[in-house]
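Enquirer:
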């Protein structure tokens with residue numbers, strides 16, 4: 003078996019005492035040399051001479067190797083420099099062949115519009131990016147700036163919120179000048195400088211003839227300015243009003259500035275603080291989302307025969323204020339989507355083409371009788387049913403048994419505890435043959451109650467199979483809760499198998515069931 007001297011590299015044969023060395027010597031000297039490498043013994047004359055020859059030989063070889071290494075290092079540095087220069091040239095060349103450079107300006111403009119971020123973050127707070135979005139496009143390149151400046155709709159949204167620093171007036175003036183129509187979202191707050199907010203609102207009011215969308219949270223300082231909008235809103239299509247606090251309503255009897263808004267078709271009024279009359283042209287509305295006394299809803303709905311979607315929230319009403327409904331049924335010939343905060347509202351409506359309905363169950367009173375009377379009176383067969391408040395599992399099971407035409411079922415929980423949601427999950431999971439025609443089941447929490455994802459998983463798994471039509475199952479909360487790792491992996495397996503499983507915080511999906519305005523941020 004052949005081996006080599008670890009120092010000089012000479013070959014040796016382990017089966018004999020001879021070594022094949024480039025430095026010639028007696029085998030005995032070579033053997034002694036190998037022993038001396040592991041001891042501190044002094045060498046003999048012959049051994050010393052041999053060792054000096056070996057050292058001279060290896061020194062020459064090391065020098066040669068060092069020289070070669072130095073040469074290769076120099077070459078490596080040259081190659082790295084060449085690569086660096088070439089990489090820079092390569093990176094600068096790529097944008098030249100980019101499709102975006104050759105894309106027509108009209109298409110690039112459409113991409114800008116489609117790329118606009120959502121104005122809200124998952125928690126429902128204003129996005130930090132969205133108010134500055136058009137300005138970012140204009141800073142990329144000269145061509146992008148020219149396209150951004152020539153796309154008026156990119157500058158339409160004027161977003162003012164107490165959650166972020168208000169843009170300088172000069173920037174908003176430039177934005178208003180570039181936009182053709184305007185979407186004004188003005189969330190005023192008493193915690194901010196009212197003088198600056200009033201000055202900005204006054205400027206925007208000068209351009210009210212171009213307002214298509216007006217979302218406002220009012221403070222006391224803005225209320226007097228609202229009257230100046232009367233007769234100056236010919237393009238306004240969507241309106242949403244809320245109040246910052248009770249103090250902002252002091253001394254306000256009504257807001258009479260929208261009666262002549264000839265294009266208004268979508269109204270959302272929030273009156274959870276106190277009801278302030280806000281007249282508007284009800285006869286032309288197609289969408290109505292209002293909190294207020296029943297008398298207001300009754301008066302408006304009688305005039306609003308064109309409404310397609312309605313969210314009727316009873317607020318600021320004295321107890322036992324429901325009038326006799328026997329001769330006061332309101333015909334809603336075009337109504338397709340209806341959300342009522344109290345099932346008693348159904349006693350006053352007839353909606354023959356209704357396709358979707360959300361109602362509430364509070365305390366122990368079941369909405370079943372009122373739903374039954376409403377469906378019979380309207381001769382409608384809605385496909386989607388949502389239950390809010392505190393619906394019991396028994397009520398839900400009876401509704402599904404009685405109305406087999408329902409194929410999408412939703413639950414909206416706000417002030418109720420998790421036990422209500424858990425009871426519904428248990429019922430749907432333990433009785434998979436209950437309403438096998440259901441294609442969608444939705445659970446949405448508007449509060450921070452913890453969600454039982456394992457229970458949700460078991461419910462979905464139990465409803466899979468040839469006897470069930472379930473395609474979509476959603477378990478959502480505004481806070482964006484997520485399942486544990488094991489449950490998440492199991493839900494992913496269901497997704498891979500073809501089911502549409504929705505979890506986390508999907509605000510647009512929640513709005514689809516709560517009927518909140520998709521354009522109100």
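In this note's numbering, the protein residues as written are 3 to 523.
Just so you know, even glycine gets a beta-carbon here, dropped at the ideal spot from N, CA and C.
For residue 395, which option in 370, 217, 422 has the closest C-alpha, if you only look at C-alpha atoms?
Expert: Here the question's residue 395 lines up with position 393 in the chain shown. Selected option, being the one with the closest Cα: 422.
Enquirer: For the alpha helix (DSSP H) containing residue 409, list its first residue and its last residue.
Expert: The residue given as residue 409 occupies position 407 in the chain shown. Neither: residue 409 is in no alpha helix (DSSP H) and is coded neither H nor E.
Enquirer: Going along the chain, which residues of its own chain have a beta-carbon closer than 7 Å to the beta-carbon of residue 513, five neighbours each way excluded?
Expert: Taking the first residue of the chain shown as 1, we reach residue 513 at position 511. Contacts found: 520.
Enquirer: If you measure between the beta carbons of residue 280 and residue 243, is that distance less than 8 Å?
Expert: Stepping through the chain shown from its first residue, residue 280 is reached at position 278. Stepping through the chain shown from its first residue, residue 243 is reached at position 241. Against a cut-off of 8 Å, the Cβ pair of residue 243 and residue 280 comes out as a contact.
Enquirer: As an exercise, report each continuous beta strand (DSSP E) stretch of at least 3 residues that is fully enclosed by the stretch 232-273, in chain order.
Expert: For the stretch 232-273, whole beta strand (DSSP E) runs of length 3 or above, ordered along the chain, are 240-245, 268-271.
Enquirer: Identify the residues that DSSP records as bridge partners of residue 159: which are they?
Expert: Numbered from 1 along the chain shown, position 157 holds the residue referred to as residue 159. DSSP lists 185 as partners of residue 159.
Enquirer: Quick one, which of 163, 112, 161, 309 has its alpha-carbon nearest residue 139's?
Expert: One-based indexing of the chain shown puts residue 139 at position 137. Comparing Cα-Cα distances from residue 139 to each of 163, 112, 161, 309, the minimum goes to 112.
Enquirer: Could you name the residues of the same chain whose beta carbon sits closer than 6 Å to that of residue 125, not counting the 5 residues immediately before and after it, in chain order?
Expert: On the chain shown, residue 125 is found 123 positions in, with the first residue counted as 1. At residue 125 the pLDDT is 35, less than 50, meaning the model places this residue with poor confidence; the figure from the coordinates comes in the next sentence. Excluding sequence neighbours, residue 125 sits near nothing in its chain.
Enquirer: Buried or exposed: residue 467, going by 16 or more other Cβ atoms within 10 Å of its Cβ?
Expert: As a position in the chain shown, residue 467 is number 465, starting the count at 1. So residue 467 ends up on the exposed side.
Enquirer: Assuming residue 63 is part of the alpha helix (DSSP H), what are its boundary residues?
Expert: Numbered from its first residue, the chain shown carries residue 63 at position 61. Start and end: 47-95.
Enquirer: Could you check how far apart the C-beta atoms of residue 413 and residue 445 are, in whole angstroms? I think they sit under 8 Å.
Expert: The residue labelled residue 413 in the question sits at position 411 within the chain shown. The residue labelled residue 445 in the question sits at position 443 within the chain shown. About 5 Å separates the two Cβ atoms, so the contact holds.
Enquirer: Tell me which residue opens and which closes the alpha helix (DSSP H) that residue 230 is part of.
Expert: Start at 1 with the first residue of the chain shown, and residue 230 comes out as number 228. That residue, residue 230, is in no alpha helix (DSSP H); it is neither H nor E in DSSP.
Enquirer: Return helix, strand or coil for residue 213, following the three-state DSSP convention.
Expert: The count along the chain shown starts at 1 and reaches residue 213 at position 211. Correct three-state label for residue 213: strand.
Enquirer: Could you check the C-alpha separation between residue 21 and residue 53 for me, to the nearest Å?
Expert: To locate residue 21, count along the chain shown from 1; it is residue 19. To locate residue 53, count along the chain shown from 1; it is residue 51. Note that residue 21 scores 38 on pLDDT, short of 50, meaning its location in the model is unreliable; the coordinates nonetheless yield the value given after this. Looking at the two C-alpha atoms, the distance is approximately 14 Å.
Enquirer: CB-CB under 8 Å to residue 307, same chain, minus the five flanking residues each way: which ones, in chain order?
Expert: Residue numbering aside, residue 307 sits at position 305 when the chain shown is read from its first letter. Closer than 8 Å at Cβ, skipping near neighbours: 285, 333, 334, 335, 336.
Enquirer: Using a Cβ-Cβ cutoff of less than 6 Å, which residues in the same chain neighbour residue 431 once the five nearest sequence positions on both sides are dropped?
Expert: To locate residue 431, count along the chain shown from 1; it is residue 429. Taken in chain order, the residues that qualify are 460, 461, 464.
Enquirer: How is the alpha helix (DSSP H) around residue 386 delimited, first residue to last?
Expert: Reading the chain shown from its first residue, position 384 is the one you call residue 386. Counting along the chain, residue 386 falls outside any alpha helix (DSSP H), though it belongs to the beta strand (DSSP E) covering 386-391.
Enquirer: Please determine if the stretch 254-264 and the stretch 228-236 are in contact, where contact requires at least 3 C-beta pairs separated by less than 8 Å.
Expert: As far as the Cβ criterion goes, the stretch 254-264 touches the stretch 228-236, which means the pair count is three or higher.
Enquirer: Quick check on DSSP: helix, strand or coil for residue 130?
Expert: Your numbering for residue 130 matches position 128 in the chain shown. At residue 130 the pLDDT is 45, less than 50, meaning the model places this residue with poor confidence and gives no usable figure here.
Enquirer: Just mark residue 177 as buried or exposed, buried being the case when its beta carbon has 16 or more other beta carbons within 10 Å.
Expert: Here residue 177 refers to the residue found at position 175 when the chain shown is read from its first residue. Flag for residue 177 reads buried.
Enquirer: When DSSP builds the beta bridges, which residues end up paired with residue 451?
Expert: Here residue 451 corresponds to residue number 449 of the chain shown, with the count starting at 1. Answer is none; residue 451 lacks a bridge partner.
Enquirer: Helix, strand or coil: which one does DSSP assign to residue 352?
Expert: Counting from one through the chain shown, the residue named residue 352 turns up at place 350. If DSSP states are grouped into helix, strand and coil, residue 352 belongs with the strands.
Enquirer: What does DSSP give as the partner residue(s) for residue 362 in the beta ladder?
Expert: Here residue 362 is taken as the residue at index 360 of the chain shown, counted from 1. According to DSSP, residue 362 bridges with 390.
Enquirer: Are the beta-carbon atoms of residue 355 and residue 338 separated by less than 8 Å?
Expert: As a first step, residue 355 is located in the chain shown; it is residue number 353 there, counting from the start. As a first step, residue 338 is located in the chain shown; it is residue number 336 there, counting from the start. Their beta carbons are under 8 Å apart, which means residue 355 touches residue 338 by this criterion.
Enquirer: Does the beta-carbon of residue 426 have 16 or more other beta-carbons within 10 angstroms, so that it is buried, or is it exposed?
Expert: Along the chain shown, read from residue 1 onward, the residue named residue 426 stands at position 424. Buried: at least 16 other Cβ atoms inside 10 Å.
Enquirer: How long is the line joining the alpha carbons of residue 291 and residue 270, rounded to whole angstroms?
Expert: For the purposes of this step, residue 291 is taken as the residue at position 289 of the chain shown. For the purposes of this step, residue 270 is taken as the residue at position 268 of the chain shown. Distance between the alpha carbons of residue 291 and residue 270 is about 4 Å.
Enquirer: Could you please give me the residues that DSSP links to residue 308 through a beta bridge?
Expert: Reading the chain shown from its first residue, position 306 is the one you call residue 308. None, per the DSSP bridge assignment.
Enquirer: Leaving aside the five residues before and after residue 481 along the sequence, list all residues of the same chain whose C-beta is less than 6 Å from its C-beta, in chain order.
Expert: Here residue 481 refers to the residue found at position 479 when the chain shown is read from its first residue. Closer than 6 Å at the Cβ level, and outside the excluded window around residue 481, lie 450.
Enquirer: With respect to the alpha helix (DSSP H) encompassing residue 203, which residues constitute its N-terminal and C-terminal limits?
Expert: Counting from one through the chain shown, the residue named residue 203 turns up at place 201. Taken as a continuous stretch (DSSP letters only), the alpha helix (DSSP H) holding residue 203 covers 196-207.
Enquirer: Out of curiosity, what's the CA-to-CA distance linking residue 36 and residue 48?
Expert: As a working note, residue 36 is residue 34 in the chain shown. As a working note, residue 48 is residue 46 in the chain shown. Between residue 36 and residue 48, the C-alpha separation is close to 13 Å.
Enquirer: Let me know if residue 91 comes out buried or exposed under the rule of 16 or more other beta-carbons within 10 Å of its beta-carbon.
Expert: Reading the chain shown from its first residue, position 89 is the one you call residue 91. Looking at its Cβ environment, which holds fewer than 16 other Cβ atoms inside 10 Å, residue 91 is exposed.
Enquirer: How big is the Cα-Cα spacing for residue 375 and residue 389?
Expert: Here residue 375 refers to the residue found at position 373 of the chain shown. Here residue 389 refers to the residue found at position 387 of the chain shown. Using only the alpha carbons, I get a separation of about 17 Å.
Enquirer: I need the boundaries of the beta strand (DSSP E) containing residue 289, first residue and last residue.
Expert: As a working mapping, residue 289 is identified with position 287 in the chain shown. Segment 289-294, the beta strand (DSSP E) holding residue 289.
Enquirer: Rounding to the nearest angstrom, what Cα-Cα distance links residue 537 and residue 274 in this structure?
Expert: With the chain running from 3 to 523 in the structure shown, residue 537 is simply not present.
Enquirer: Report the CB separation of residue 107 from residue 149 in whole angstroms; it is logged as a contact under 8 Å.
Expert: Counting from one through the chain shown, the residue named residue 107 turns up at place 105. Counting from one through the chain shown, the residue named residue 149 turns up at place 147. Indeed, because the Cβ distance is near 5 Å, the residues count as touching under 8 Å.
Enquirer: For residue 476, report the span of its beta strand (DSSP E) as first-last.
Expert: As a working mapping, residue 476 is identified with position 474 in the chain shown. From DSSP, the beta strand (DSSP E) with residue 476 extends over 474-479.
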